[in-house]
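Numbered per the working numbering, the sequence shown spans residues 270 to 391.
To start, the structure itself, in structure tokens.
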Amino acid sequence: MEKQSFVKFETPETLEKKILDLVENSYRSGKIKKGTNEVIKSIERGESKIVIIAEDVTPPEVVYYLPMLCEERKVAYAYAKSKSELGTRVGISAAASISITDYGKNEELYKQITSELVSLKK
């Protein structure tokens with residue numbers, strides 16, 4: 270599959286697995302927002318700790334400006350290969366994007382992921 274225009278960097282598989290684990294753990298013990306409108310609101314309100322965007326969203330306009338918004342607001346963001354995998358982790362069939370507003374007891378995993386993301390974008 271061709272890389273979508275909003276995908277700014279390649280997420281290694283090992284990192285994606287950690288991200289999906291963080292999503293699932295945050296869904297269980299913390300707080301998340303799912304759906305692009307909720308995600309945008311959480312970024313604009315300064316509630317987002319990290320945003321995860323599915324790479325296979327159609328049409329891409331749905332999530333196209335999320336990376337730019339995250340960069341503008343200094344919010345970490347990452348990609349998951351599939352919206353169905355992302356959705357499954359939060360109890361729905363598919364999710365174009367998810368915002369973690371509270372990672373619960375997963376601070377170590379969160380710090381690990383954000384430091385890996387920083388080195389990816391260099």
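Ideal placement from N, C-alpha and C gives every residue a C-beta, glycine not left out.
*Determine, using beta carbons only, whether Ile322 and Ser366 come nearer to each other than 8 Å.*
Yes.
*For Ile301, name the three-state secondary structure that DSSP assigns.*
Ile301: strand per DSSP, three-state reduction.
*Taking buried to mean at least 16 other C-beta atoms within 10 Å of its own C-beta, is Ser295 buried or exposed?*
Result: buried.
*Local Cβ density within 10 Å of Tyr334, reported as buried at 16 or more and exposed below that*: By the 10 Å Cβ count, Tyr334 comes out exposed.
*So, Ser368 versus Ile288, is the Cβ gap smaller than 8 Å?*
In this structure, Ile288 does not lie closer than 8 Å to Ser368 by Cβ.
*Which residues in the same chain have their Cβ closer than 7 Å to the Cβ of Lys352, if we skip the five residues on either side of it in sequence?*
Ala323, Asp325, Val326, Ala363, Ala364 and Ala365, listed in sequence order.
*From Asp290, Phe275, Ser384 and Thr370, pick the residue whose C-alpha is nearest to that of Glu354; which is it?*
When only C-alpha atoms are compared, the closest one is Asp290.
*Can you tell me the Cα-Cα spacing of Ile284 and Ile382, whole angstroms?*
The sequence shown places Leu at residue 284, rather than the Ile named in the question. When only Cα atoms are considered, Leu284 and Ile382 end up about 7 Å apart.
*Any idea which residues DSSP pairs Tyr348 with across the strands?*
Answer by DSSP bridge pairing, in chain order: Ile322.
*Report the rounded CA-to-CA distance for Cys339 versus Val320, giving the unit in angstroms.*
Roughly 8 Å separates the two Cα atoms.
*Helix, strand or coil for Ile382, going by three-state DSSP, please let me know.*
Looking at Ile382 - three-state DSSP - the assignment turns out to be helix.
*Label Gly356 either buried or exposed according to how many other C-beta atoms from any shown protein chain fall within 10 Å of its C-beta, with 16 as the threshold for buried.*
Answer is buried; the Cβ neighbour count reaches 16.
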